[in-house]
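Worksheet: the structure to be examined is printed underneath.
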Amino acid sequence: MIEKRTVIKGTPIAGGIALGQARILVPGRADIPEFSITSAGVKSEIAALERAVEKTVAELRQLRDSAGKKVGGAVAKIFEAQLLIASDFEFLNRVKSEISTLRRNAGSIYNSLVHETVNPLRSSADPYMRQMAQDVEAVAKKVLSHLIGRNQALGKLAANTILVGKSFTPGDILVYRQRRAIGFVSSEGGADSHMALIARGLMLPVAVADSVWTRIPDGCRLILNGSAGTIIIHPSEEDWQEYQRLKKRHGPALIRRIRKLPQIPPLTKDGKEIEIGANLSLPGPADDILSERKVPVGLYRTEFLFLAQSSFPDEETQYKYYDQIAEKFAGTSVVLRTFDLGYDKLSPDTVWTNEDNPALGWRGIRPMLEMKNVFKTQIRAILRASTRRNIKILLPMITELSEVEKARRMISQVKFKLRQEGIDFDADIEVGIMIEVPSAAMTAETLATKVDFMSIGTNDLTQYTLAADRMNSRIAYLYNSFHPAVLNLIKMTIDAGRKRGIPVTICGEVAGDLLGLPLFLGMGIDMLSVHPGRIVDLCRTIRKIDSNLVELMVPSVLSSGSPSAVISKLERFQAAVNETRN
Numbered sequence: 144m145i146e147k148r149t150v151i152k153g154t155p156i157a158g159g160i161a162l163g164q165a166r167i168l169v170p171g172r173a174d175i176p177e178f179s180i181t182s183a184g185v186k187s188e189i190a191a192l193e194r195a196v197e198k199t200v201a202e203l204r205q206l207r208d209s210a211g212k213k214v215g216g217a218v219a220k221i222f223e224a225q226l227l228i229a230s231d232f233e234f235l236n237r238v239k240s241e242i243s244t245l246r247r248n249a250g251s252i253y254n255s256l257v258h259e260t261v262n263p264l265r266s267s268a269d270p271y272m273r274q275m276a277q278d279v280e281a282v283a284k285k286v287l288s289h290l291i292g293r294n295q296a297l298g299k300l301a302a303n304t305i306l307v308g309k310s311f312t313p314g315d316i317l318v319y320r321q322r323r324a325i326g327f328v329s330s331e332g333g334a335d336s337h338m339a340l341i342a343r344g345l346m347l348p349v350a351v352a353d354s355v356w357t358r359i360p361d362g363c364r365l366i367l368n369g370s371a372g373t374i375i376i377h378p379s380e381e382d383w384q385e386y387q388r389l390k391k392r393h394g395p396a397l398i399r400r401i402r403k404l405p406q407i408p409p410l411t412k413d414g415k416e417i418e419i420g421a422n423l424s425l426p427g428p429a430d431d432i433l434s435e436r437k438v439p440v441g442l443y444r445t446e447f448l449f450l451a452q453s454s455f456p457d458e459e460t461q462y463k464y465y466d467q468i469a470e471k472f473a474g475t476s477v478v479l480r481t482f483d484l485g486y487d488k489l490s491p492d493t494v495w496t497n498e499d500n501p502a503l504g505w506r507g508i509r510p511m512l513e514m515k516n517v518f519k520t521q522i523r524a525i526l527r528a529s530t531r532r533n534i535k536i537l538l539p540m541i542t543e544l545s546e547v548e549k550a551r552r553m554i555s556q557v558k559f560k561l562r563q564e565g566i567d568f569d570a571d572i573e574v575g576i577m578i579e580v581p582s583a584a585m586t587a588e589t590l591a592t593k594v595d596f597m598s599i600g601t602n603d604l605t606q607y608t609l610a611a612d613r614m615n616s617r618i619a620y621l622y623n624s625f626h627p628a629v630l631n632l633i634k635m636t637i638d639a640g641r642k643r644g645i646p647v648t649i650c651g652e653v654a655g656d657l658l659g660l661p662l663f664l665g666m667g668i669d670m671l672s673v674h675p676g677r678i679v680d681l682c683r684t685i686r687k688i689d690s691n692l693v694e695l696m697v698p699s700v701l702s703s704g705s706p707s708a709v710i711s712k713l714e715r716f717q718a719a720v721n722e723t724r725n
């Protein structure tokens, strides 16, 4: 066991900060008894199986309804999928058949067949298959707990409990939240898993720490930073105080802080208005206050709809989802990014081939231009939801002009069809593009002639410019959005937008970095779209900056020879401003 202060760098799964006590959940695979039964006992074992399945189905329906109310209808589809697994007619008939043939108890037969089904799925290279394995196991765990008469769920938890365990299902996240869990540390799970999607919707921090979780003492003080994937065991008082301050950017405290902001959008010291937007992935607790304060949604990631059900949703499902978003943010604008998917997220029912380098392969707008029916279905749903005139369309990872032209042609075709059918939509809906690769930034002036706005995705722009995978810890020293090459591409894009008269947004992580804020204002950025947790600090800092003054620093920063030189200049400027203010 870890007995002194230890910082673990895990994988960020769901953002947020939690400070509390660890509660360790020992891997919950119950011992499933195996015994022979007589022919007379077959009927009772099958009846026990059916009762267990009925109870599981009832639980999953409750979870589906709870998810729908607390996070949104799209999230409920995760439990719809599990309901289908639980009531799989062919699988259950196979279990019943083997109970009769082998004369063994229902629990052992069910457990054996589940493992036979799951093992090849778990070892698959396809993320969709691995997610399916997790869903099957989540359902099986419930059925078996009813069969052996053991409910493994914890009772009400102590306040500020951070649960630590091998894995958590989507249902676990919902149930344990109701029992006052404030965060989760797991050894399994990915950023696109169903568990992660539920956690994000509920604003619960989650980090994956591989096998380290087994060394975390039960009851010890723990700090969890889900946004960074950091776990601090036995934190110092300094750690505790620092993270208590950081925690105010999240959860209920965040909502109160946004409500107290005197003005959104904020004005710089010299009176220039700077638009601040929110990056969202799915409905969440902050939506009401963002809507109330009329904070625009600078980036809404629609791929959640795909990830929630591991398949492309139909038009009606998408329309209802987009319409609810448009209604929620009726007083402001919402930028819906079309599906931004790659091989690592797509299911086997799509026309997809394994790629040696998926990051440089069929992703972003590229698959959508070939999967025309999928793209047109999404565009049709978005257009139908655009009647409030507050929705904009954003095309992901554009590389060259021809991609924009093809996409716009398809959008025009969908508009023509809707007119023929007499269906209302916003005929003047704005279409923008993501600038995420150097080729797009370097030709931004040309691209700007074909679109209504541009959004700079600095996360991908950084890794593509520097040839540094942002998830690869071995080359983390190379990945830096303050590299002069990245900053010059950002400035090039902003200049192109200004010359062509269209707004430019930065929507990557660096948009919320207070150190870089004066530089981006000096470059002339129109909007910064960030995680809701960073809105308050951005607004407060913008009010202290003179936009004319920071414009003067831009040439010097862009001519720097390294990220460290850039950071040094920004820190000196920040110190000078603070000194002047004092």
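Convert by adding 143 to the 1-based position in the sequence shown; the result is the number in our numbering.
Where is the CB? At the ideal position from N, CA and C, for every residue including glycine.
{"Asked": "To which residues of the same chain is Ala628 closer than 8 Å at the C-beta, ignoring the five residues directly before and after it?", "Found": "Thr608 and Leu609"}
{"Asked": "Can the beta-carbon of Leu442 be found closer than 8 Å to that of Cys650?", "Found": "yes"}
{"Asked": "Tell me whether Pro491 is buried or exposed, calling it buried when 16 or more other Cβ atoms sit within 10 Å of its Cβ.", "Found": "Any reading at Pro491 must be qualified, since the residue scores a pLDDT of 42, below 50, and its modelled position is unreliable; the value itself is stated next. When all chains shown are included, Pro491 counts as exposed."}
{"Asked": "Compute the Euclidean distance between the alpha carbons of Gly163 and Leu544, then round it to the nearest angstrom.", "Found": "51 Å"}
{"Asked": "The alpha helix (DSSP H) that contains Ala550, what's its start and end?", "Found": "Leu544 to Glu564"}
{"Asked": "Which stretch, first to last residue, makes up the beta strand (DSSP E) that contains Lys152?", "Found": "Thr149 to Lys152"}
{"Asked": "Between the alpha carbons of Asn500 and Met540, how many angstroms are there, rounded?", "Found": "16 Å"}
{"Asked": "Using a threshold of 8 Å, state whether the C-beta atoms of Leu300 and Val328 are closer than that.", "Found": "no"}
{"Asked": "Buried or exposed: where does Gln321 fall if 16 or more other Cβ atoms within 10 Å of its Cβ makes it buried?", "Found": "exposed"}
{"Asked": "Classify Phe559 as buried or exposed, calling it buried when 16 or more other Cβ atoms lie within 10 Å of its own Cβ.", "Found": "exposed"}
{"Asked": "Which full runs of the beta strand (DSSP E) of 3+ residues lie inside the stretch 491–540, going along the chain?", "Found": "534–538"}
{"Asked": "Less than 8 Å between the beta carbons of Ile534 and Val477, yes or no?", "Found": "yes"}
{"Asked": "Spell out a yes or no on whether the stretch 622–636 and the stretch 699–709 are touching, meaning 3 or more CB-CB pairs, one atom from each, closer than 8 Å.", "Found": "yes"}
{"Asked": "Measuring straight from C-alpha to C-alpha, what distance separates Cys682 and Glu202?", "Found": "44 Å"}
{"Asked": "Can you give the Cα-Cα distance for Asp382 and Ala371, rounded to whole angstroms?", "Found": "15 Å"}
{"Asked": "Drop a sphere of 10 angstroms on the beta-carbon of Met597, count the other beta-carbons inside from all chains shown, and report buried for 16 or more, exposed for fewer.", "Found": "buried"}
{"Asked": "Run through DSSP, which three-state label would Glu331 get?", "Found": "coil"}
{"Asked": "Figure out for me which residue from Ser582, Ile291 and Phe311 has the closest Cα to the Cα of Gln274.", "Found": "Phe311"}
{"Asked": "Determine the DSSP secondary structure at Ile341, reduced to helix, strand or coil.", "Found": "helix"}
{"Asked": "Within the same chain, show all residues whose beta-carbon is closer than 7 Å to that of Met635, passing over the 5 residues directly before and after it, in chain order.", "Found": "Ala584, Met585 and Ala587"}
{"Asked": "As an exercise, report each continuous alpha helix (DSSP H) stretch of at least 4 residues that is fully enclosed by the stretch 650–713, in chain order.", "Found": "660–666, 678–685, 690–694 and 697–701"}
{"Asked": "Using the C-alpha atoms, what's the distance from Lys309 back to Glu380?", "Found": "28 Å"}
{"Asked": "Using the C-alpha atoms, what's the distance from Arg358 back to Phe234?", "Found": "38 Å"}
{"Asked": "Three or more beta-carbon pairs under 8 Å between the stretch 464–483 and the stretch 522–534, yes or no?", "Found": "yes"}
{"Asked": "DSSP has Gln274 in a bridge; who is on the other side?", "Found": "Paired residue(s): none; Gln274 is not in a bridge."}
{"Asked": "Tyr443 bridges to which residues according to DSSP?", "Found": "Leu423 and Leu479"}
{"Asked": "Do Ala283 and Ala157 come within 8 Å of each other at the CB atom, strictly closer than that value?", "Found": "no"}
{"Asked": "What whole-angstrom Cβ distance do Ile576 and Leu538 have, given they're in contact under 8 Å?", "Found": "5 Å"}
{"Asked": "Between Ile175 and Val257, what straight-line distance do the alpha-carbon atoms span, to the nearest angstrom?", "Found": "13 Å"}
{"Asked": "Using DSSP with H/G/I as helix, E/B as strand and the rest coil, what is Gln155?", "Found": "Per the sequence presented here, residue 155 reads as Pro, with Gln not at that position. Three-state result, Pro155: strand."}
{"Asked": "Out of His289, Pro348 and Pro456, point me to the one whose CA is closest to Ile316's CA.", "Found": "Pro348"}
{"Asked": "My guess is that Ile417 and Ile685 are in contact by the Cβ rule of under 8 Å, so how many angstroms apart are they, rounded?", "Found": "5 Å"}
{"Asked": "Grab me the residues of Leu192's own chain with a C-beta within less than 6 Å of its C-beta, minus the 5 sequence neighbours each way, in chain order.", "Found": "Ala249"}
{"Asked": "How many Å lie between Ile508 and Val517 at the Cα?", "Found": "12 Å"}
{"Asked": "To the nearest angstrom, how far is the alpha carbon of Glu498 from that of Pro581?", "Found": "22 Å"}
{"Asked": "Just to confirm before moving on: does the CB-CB distance between Ile398 and Val438 stay below 8 Å?", "Found": "no"}
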